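Visitor:
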Amino acid sequence: MSKLDYIVIFVFTFGVLAAGMSFSRTGKNMKTFFAGGGAVPWWINGLSLFMSFFSAGTFVAWGSLAYIHGWVSVGIQWTMCLAGFAIAGFIAARWRNTGVLTGAEFIGARLGEGVKKAYTYLFVAISVFTSGAFLYPVAKIVEGATGIPFEYAVVFLALVIVLYTATGGLWAVIVTDVLQFIILTAAVVIIVPIAFDRIGGLDGFLASSPDGFFNFTTGEITPLFYIGFGLYNLCFIAGNWAYVQRYTSVRTPKDSKKVAMLFGCLYIVSPVIWMLPPMIYRIYNPALDIDAGEANHAYMFMSKEVLPMGMLGLMVGAMIFATASSVNTTLNIMSGVFTNDLYKSIKPNASEKQLIYVARLSTTLFGLATLFIALLVDHMGGILSVIWAVGAITGGAMYIPMLWALFSKRHTGRTVLGVTLICLAVNSFFKWSGVHDLTQAQSMALGALLPLALMAVYETYAARTVVDTPQFREYEAARVERIRAESQIAESRAESGEPSRENVHGVRVIGIGILATGCLIAGLGLASDTGRFLVACVGACVALAGGWILRGVREQTANV
């Protein structure tokens, strides 16, 4: 990369930190720090949900798969689109109607405090592991782009992520997510046509593609795998506590549906567009050493080939922080769970100031644990192996029983936790005992179908004698009261309008960031020798979008 690229990366990093830390004075209580005051605009949460989920594997894991197997990577990601629509139709509004702040709070209200503590310990342990796996591809991007050793990249990135997540809370996370979405979309719009031109256009791409490059299956990625992985994605996006936060932090149940619907719509188009660069690079340079892991860098190699100076730096910066989105999202919710559901239960009389201090301290500690796990990923078989293993062992076991409890009147804390523990034990046994090695497809199917079967069996058995349990009736009465109290607080502006002020401030930061980014892209385009007109036009469109958002903010504040 050129000196200009490094300068742009530095400026972009500074801008992201400034955007996140601009919310340092807004998170004055638990609800505003972890849920944006319960009033985050749905389109912002939808884009943030997309970036938080999309970014973890797109550039390294899915990019590697796209280089090796082609269209399979698109097919796998389309299961996420179906999951988004299913959540919009049946689950998102249910979460918003619980009236709780976190998934752990729901478990405590519905299934009991003892069950909540057990799930909290499991969730935190698993999330430290998964966030470390998410940090791994970020460091790989830095290594591939700059040559900085992987270990140093992990340490630096962990410190940066912890800094702006611990400072600004949920708003810091979601605002930077939206900015990264705009930047990466602009970058890919620039990369794809220039990359196609390098291989003779679409005709050259189709003619030179390896046999089976456009198949939906491989030897390991079978229809059974799609079923298992699709169910896992449904449960993970609907039940992971970090993503539940996106459904509970909007104003209304209707808005929560829009969050999931936007996620699903984006996953119709994005897999095709985002996977084209590594697929094109397979035609451009088919000689990467797959066994040595060089395919992990296919996305970055293609970007370095076609992007002009400066624009490559912006792309790298956005890729880093977009992939880091999954890390900071997980850190934010882990800190929320620890503070709201563990520390607060030990010290119920703790002041808001103490709770915010604990939240920020716990974010830092979890960040250090994440750093340690990221350094171990290569010793665990690589990023794809880690993703498959975590999904198969924990996805269905952790989230299906909890989601079932959203709808069931008959399940109790014992049955829900019992199913989770049984499934974790069974999945772990088949993964590590060596008694019978399951294929990737069989592991995914077992992980998703076993908890479904166990929950359904008990539901059917209990339906013969039980209409609802005392535990459910108590939960339902408390839920109705929470919704009523929340309504009264909203109407009386009991939080002194802080959520509204944060909305205005958040959207303003987004608008300024998009406008500045558009101007930067346009300037880089005018100064470049490659794709000058295309880059400048994309930059102008981005700048216009930022100006339009700022105009909307001015009109909103003028009408208040």
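The C-terminal position of the sequence shown is numbered 1757 in the working numbering, with every residue numbered one higher than the one before it.
Glycine included, each C-beta is placed from N, C-alpha and C at the ideal position.
Bear in mind that the values here come from a model prediction, so they are computed numbers and not experimental data.
1) Determine contact between the segment 1665-1676 and the segment 1294-1307, defined as no fewer than three beta-carbon pairs at a distance below 8 angstroms.
2) Expressed to the nearest angstrom, what Euclidean distance is found between the alpha-carbon atoms of F1326 and R1705?
3) Buried or exposed, going by whether 16 or more other CB atoms sit within 10 Å of the CB of S1249?
4) Please report the straight-line C-alpha distance between K1606 and A1653, rounded to a whole angstrom.
5) Are the CB atoms of L1528 and V1359 within a distance shorter than 8 angstroms?
6) So, for L1428: in the same chain, excluding its five sequence neighbours on each side, which residues have a beta-carbon less than 6 angstroms away from its beta-carbon?
7) Candidates I1273, F1303 and T1609: which alpha carbon is nearest A1638's?
8) Kindly provide the ranges of any alpha helix (DSSP H) runs that are 4 or more residues long and lie completely inside the segment 1423-1458, ordered along the chain.
9) Answer yes or no: do Y1464 and M1277 have a C-beta to C-beta separation smaller than 8 angstroms?
10) Closest to V1735 by CA distance: which of F1303, G1710, I1380 and T1373 is it?
11) With W1438 and F1320 assumed to form a contact (beta carbons below 8 angstroms), what rounded beta-carbon distance in angstroms separates them?
12) Please state whether DSSP places F1402 in a helix, a strand or coil.
13) Using only alpha-carbon positions, find the residue among W1275, I1711 and V1372 that is nearest to S1219.
14) Go ahead and pull the three-state DSSP assignment for G1272.
15) Taking only the alpha-carbon atoms, compute the straight-line gap between P1475 and G1409 and give it to the nearest angstrom.
16) State whether the segment 1587-1601 contacts the segment 1341-1354, with contact taken as three or more CB pairs (one from each stretch) at a distance under 8 angstroms.
17) Identify the continuous alpha helix (DSSP H) that holds V1654 and give its terminal residues.
18) In the structure shown, what three-state DSSP assignment does T1299 receive?
19) If distances are taken between C-alpha atoms only, which option among D1488, G1436 and V1312 comes closest to G1578?
20) Given 8 angstroms as the limit, is there contact between the segment 1495-1509 and the segment 1335-1343, that is, 3 or more CB pairs closer than that?
21) Should the segment 1553-1572 be regarded as contacting the segment 1609-1626, the criterion being three or more beta carbon pairs within less than 8 angstroms?
22) If you draw a straight line from the alpha carbon of I1584 to that of G1722, how long is it in whole angstroms?
23) Considering G1260, what are the terminal residues of the alpha helix (DSSP H) in which it resides?
24) Quick one: grab the DSSP three-state call for F1247.
25) Just reading off the alpha helix (DSSP H) that I1553 is part of, what are its end residues?
26) Suppose you measure from the CA of H1266 to the CA of I1391; what does that come to, to the nearest Å?
27) What's the call for A1622, buried or exposed, on a 16-neighbour Cβ count within 10 Å?
28) How many angstroms separate the CA atom of P1483 from the CA atom of K1313?
29) Inspect the CB distances between the segment 1735-1751 and the segment 1709-1721 and report whether three or more fall short of 8 angstroms.
30) Residue ranges of each alpha helix (DSSP H) run of no fewer than 4 residues wholly in the segment 1450-1501, ordered along the chain?
Guide: Checking against the coordinates, here is how it stands:
1) Yes: at least three Cβ pairs fall under 8 angstroms.
2) Translated into positions along the sequence shown, residue 1326 becomes position 129. Translated into positions along the sequence shown, residue 1705 becomes position 508. Their backbone Cα atoms lie some 35 angstroms apart in a straight line.
3) Position 52 of the sequence shown, counted from the start, is the residue given in the question as residue 1249. Buried.
4) As a first step, residue 1606 must be located in the sequence shown, where it is residue number 409. As a first step, residue 1653 must be located in the sequence shown, where it is residue number 456. Rounded to whole angstroms, the separation of the alpha carbons of A1653 and K1606 is 13 angstroms.
5) Locating residue 1359 in the sequence shown gives position 162, where the first residue counts as 1. Locating residue 1528 in the sequence shown gives position 331, where the first residue counts as 1. At the C-beta level, V1359 and L1528 come within 8 angstroms of one another.
6) Stepping through the sequence shown from its first residue, residue 1428 is reached at position 231. Cβ neighbours of L1428 beyond the five flanking positions: A1645.
7) Against the sequence shown, residue 1638 aligns to sequence position 441. Looking at the Cα atoms, I1273 is the closest of the given residues.
8) For the segment 1423-1458, whole alpha helix (DSSP H) runs of length 4 or above, ordered along the chain, are 1438-1445.
9) Position 267 of the sequence shown, counting from 1, holds the residue named residue 1464. Position 80 of the sequence shown, counting from 1, holds the residue named residue 1277. Cβ atoms of Y1464 and M1277: closer than 8 angstroms.
10) Taking the sequence shown and counting its residues from 1, the one referred to as residue 1735 is at position 538. Closest option to V1735, judged by alpha-carbon separation, among F1303, G1710, I1380 and T1373: I1380.
11) For this step, residue 1438 is matched to residue 241 along the sequence shown. For this step, residue 1320 is matched to residue 123 along the sequence shown. About 6 angstroms separates the two Cβ atoms, so the contact holds.
12) Position 205 of the sequence shown holds residue 1402. F1402 carries a helical assignment under DSSP once its states are collapsed to helix, strand and coil.
13) What you label residue 1219 is simply residue 22 of the sequence shown in a count that begins at 1. Here the closest residue by C-alpha is V1372.
14) As a first step, residue 1272 must be located in the sequence shown, where it is residue number 75. In this structure, DSSP gives G1272 a helical state, which the three-state scheme calls helix.
15) Position 278 of the sequence shown, counted from the first residue, corresponds to residue 1475. Position 212 of the sequence shown, counted from the first residue, corresponds to residue 1409. Cα atoms of P1475 and G1409: separation of roughly 16 angstroms, rounded to the nearest angstrom.
16) Verdict: no, contact absent.
17) Start at 1 with the first residue of the sequence shown, and residue 1654 comes out as number 457. DSSP places V1654 inside the alpha helix (DSSP H), whose first and last residues are Q1637 to A1660.
18) Within the sequence shown, the letter at position 102 stands for residue 1299. Note: T1299 maps to coil in three-state DSSP.
19) Counting from one through the sequence shown, the residue named residue 1578 turns up at place 381. Taking each of D1488, G1436 and V1312 in turn and checking the Cα distance to G1578, the smallest one comes out for D1488.
20) As far as the Cβ criterion goes, the segment 1495-1509 touches the segment 1335-1343, which means the pair count is three or higher.
21) When Cβ pairs closer than 8 angstroms are counted between the two stretches, the segment 1553-1572 is seen not to touch the segment 1609-1626, the count staying below three.
22) The residue given as residue 1584 occupies position 387 in the sequence shown. The residue given as residue 1722 occupies position 525 in the sequence shown. CA-CA distance, I1584 to G1722, rounds to 37 angstroms.
23) Indexing the sequence shown from 1 puts residue 1260 at position 63. Per DSSP, the continuous alpha helix (DSSP H) segment holding G1260 begins and ends at G1260 to H1266.
24) For the purposes of this step, residue 1247 is taken as the residue at position 50 of the sequence shown. If DSSP states are grouped into helix, strand and coil, F1247 belongs with the helices.
25) By one-based count along the sequence shown, residue 1553 stands at place 356. Element bounds for I1553: E1549 to A1571.
26) To locate residue 1266, count along the sequence shown from 1; it is residue 69. To locate residue 1391, count along the sequence shown from 1; it is residue 194. About 22 angstroms.
27) Taking the sequence shown and counting its residues from 1, the one referred to as residue 1622 is at position 425. By the 10 Å Cβ count, A1622 comes out exposed.
28) For the purposes of this step, residue 1483 is taken as the residue at position 286 of the sequence shown. For the purposes of this step, residue 1313 is taken as the residue at position 116 of the sequence shown. So the alpha carbons of these two residues sit roughly 51 angstroms apart.
29) Touching, per the Cβ criterion.
30) Taking only runs of at least 4 residues, the alpha helix (DSSP H) segments lying wholly in the segment 1450-1501 are 1450-1481.
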